[in-house]
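**Student:** Questions regarding the structure given below will be posed in turn.
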Amino acid sequence: MYDVVVVGARCAGAPTAMLLARQGHRVLLLDRSAFPADKLSTLYIQQPGVARLARWGLLGALRASGCPPLDHVVYELGDVRVEGCCSGIDGIRAAYAPRRSVLDPLLAGAAADAGAEFRDDCRVTGLLWEDDRVVGVRTDRGEERAALVVGADGMRSTVARLTGAPTTTSHPPLTCAYYAFWNGPKTHFEMYEGDTGWVSAVPTNDGAVLIAAYCPQQRFDEVRHDARAAYLDNVRTNAPRLYEQMERGRQIGGLHGTGDQQNFFRRAHGPGWALVGDAGHHKDSLTARGIADAFMQADLLAETVGEHLGDRTRLDAALADYDREREQRLMENYQATLLVAQAEARDKRRALLRAVGSSPELTTRYFDAVAGIVSLRELYTPDLMALMSAPTAP
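Position 155, counted from 1, in the sequence shown is what UniProt numbering calls 155; the numbers after and before it change by one each time, with no gaps.
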């Protein structure tokens, strides 16, 4: 009998297991993949997520992996270019973008070090129920009982499906994304937006740069028929200087991509179960908030339910509190991501960037908002709105 079974051992599940194990609970952490295993990811960890790694005592190990600190950001939209950095949180000003084959084993190892039992290459095939309450999991290795089952198993969550977790908010996919790793380009964390799409460059381990190209979702059927040609054309058109560096460099490995960037919230709790990370909430990766948001949810769930695992009534109330707080914290950026991923709002984004680029203070506040250090309400002050509405010189 475990206190908690966590299904999924990546950016949401492993920290959840680690934090609950550090509280003294008996935790079983499962993942269907054999570790280490790579996965689709923007890699980028915004500064609030890095600050959590520091508080958890894991930032030193991440730095030791050779992952470079990213303390300079470039956003270019047509003739408007903004660059700088956020003010930081808990003394952390740099973001990091580790390869998932580095980050995920680090997190799962930290959970094991905290006392959680970790089983990789283990698939959940069902849930155990008693009186409409989840009381454990059925796996391809047998059954395990627990006071709480946590689904941290991604956008297509098995736990969400088996519990019937309803979707409470949803919007259609807005972009499709393809990326590859490159040696040669020398970049900061950079985002380019043009008339036909978006391009990002993210330095990662071993001197490599992840270069991603996003197109509007309505072009997915066209793009996927010759994904490599579409990918290169997107970079060439919307980030020509970056493309020149790619021509002088070398691609590492294959091209990866998806047209299934769902946007939703699911109800993230019920009797004996909870959802964290992409299992309960997913949005377009264009704003690169997924990993930091997963860390936040892990922290929130462990903090909210940790003292109540022995009392079903209190546990159910705590799970409801977690769900409400999770949605409240995530909704603003969810709505902002929908706007960023809409080509129709490009003129508004250009006006915003032109306004924030008019002063170092506004630039810093803008990158604070992008990172999630301050809310969008703190960014969109009356002074900024006046700058955005002012006519531009011909």
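All C-beta atoms in this analysis are idealised placements derived from N, C-alpha and C, irrespective of residue type, glycine included.
Small disclaimer: the values here were computed from a predicted structure and weren't measured.
Measure the C-alpha to C-alpha separation of V209 and R266 and round it to an integer number of angstroms.
**Tutor:** 33 Å
**Student:** Please classify M331: does DSSP put it in a helix, a strand, or coil?
**Tutor:** helix
**Student:** Give me the residue from G60, L30, F118 and L77 with the minimum Cα distance to A351.
**Tutor:** L77
**Student:** Please classify A386 as buried or exposed, where buried requires at least 16 neighbouring CB atoms within 10 angstroms.
**Tutor:** exposed
**Student:** Tell me which same chain residues have a C-beta within less than 6 Å of the C-beta of E193, skipping the five on either side of it?
**Tutor:** Shown here for E193: same chain residues with a beta carbon closer than 6 Å to its own, the five before and five after excluded, namely L77 in chain order.
**Student:** Run through DSSP, which three-state label would P203 get?
**Tutor:** strand
**Student:** Would you give the residue range spanned by the alpha helix (DSSP H) that A54 belongs to?
**Tutor:** Q47 to R55
**Student:** In angstroms, rounded to a whole number, what distance separates the CA positions of V80 and P391?
**Tutor:** 15 Å
**Student:** Quick check on this structure: which residue in R55, I89, V74 and Y44 has the alpha carbon closest to the alpha carbon of C67?
**Tutor:** Y44
**Student:** In chain order, what residues of the same chain have a beta carbon less than 7 Å from the beta carbon of E327, not counting five sequence neighbours either side?
**Tutor:** F265
**Student:** Would P394 be called buried (16 or more neighbouring beta carbons within 10 Å of its own) or exposed?
**Tutor:** Reliability of the predicted coordinates at P394 is poor, the pLDDT of 47 falling under 50, and the value obtained from them is presented with this limitation in mind. Under this definition P394 is an exposed residue.
**Student:** D140 and T158: beta carbons closer than 9 Å?
**Tutor:** No; because the gap between Cβ atoms is not below 9 Å, this pair is not in contact.
**Student:** Decide if the region 94-114 is in contact with the region 223-241; the criterion is three or more beta carbon pairs, one per stretch, under 8 Å apart.
**Tutor:** no
**Student:** Can you list, in chain order, the residues of its chain whose CB lies under 6 Å from that of T204, leaving out five sequence neighbours each side?
**Tutor:** Here the set comprises L43, A97, R99 and L210.
**Student:** So what's M385 in DSSP terms, helix, strand or just coil?
**Tutor:** In this structure, M385 counts as helix in the three-state DSSP scheme.
**Student:** Measuring straight from C-alpha to C-alpha, what distance separates G60 and A54?
**Tutor:** One C-alpha to the other measures close to 8 Å.
**Student:** Residues in its own chain within less than 6 Å of E83 by CB, not counting five upstream and five downstream?
**Tutor:** V74
**Student:** Whole angstroms is fine: what's the gap from V370's alpha carbon to A302's?
**Tutor:** 26 Å
**Student:** If you follow the beta strand (DSSP E) that R138 is part of, which residue opens it and which one closes it?
**Tutor:** Per DSSP, R138 belongs to the beta strand (DSSP E) from R133 to T139.
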